[in-house]
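Data first, discussion second: the structure below is written as structure tokens.
In our numbering, the protein residues as written are 13 to 174.
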């Protein structure tokens, strides 16, 4: 009879330990779920930033195209002025040199802006990939915790008399 009482006490202690483990697993699952939610928010913000940067890049390309068209028009006007007025040749040559310098400067600025935006887009892509990897790891941990929880629950049920 005393051995039955000891077995009963051991069973109750084992059950209490399992319940504590289940509570810890549930808390861990909640923490992981919250971390996943936060990471999803970060991913969404990165996606929005990527969209904004893409729109800005398109705007820069449109602006560059307009600058190029304006430069081409200026060069054509200057050529007409050279033909029409030989007396202003010196002034026209200076304007052509200035236009070429402006065009080169605009092209360099566009190249620098394009490079900067492309680098930032790459950084955003890399950050997103890192977050995706972390999300996969967290999901695996969550599935593992759920398996452990189910296993402990089954074990607990099997140990529970009746």
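Note that beta-carbon positions come from the ideal geometry of N, C-alpha and C, so glycine has one too.
Alpha carbons only, please: which of the options is nearest the one belonging to residue i?
{"i": "residue 34", "options": "172, 162, 131 and 170", "result": "162"}
{"i": "residue 143", "options": "40, 56 and 24", "result": "56"}
{"i": "residue 125", "options": "85, 71 and 140", "result": "71"}
{"i": "residue 153", "options": "50, 30, 41 and 23", "result": "41"}
{"i": "residue 137", "options": "148, 122, 63 and 171", "result": "63"}
{"i": "residue 149", "options": "21, 48 and 120", "result": "48"}
{"i": "residue 76", "options": "114, 88, 141 and 27", "result": "114"}
How close, in whole Å, do the beta carbons of residue i and residue j come, if the pair is a contact with beta carbons under 8 Å?
{"i": "residue 30", "j": "residue 156", "result": "18 Å between Cβ atoms; not a contact."}
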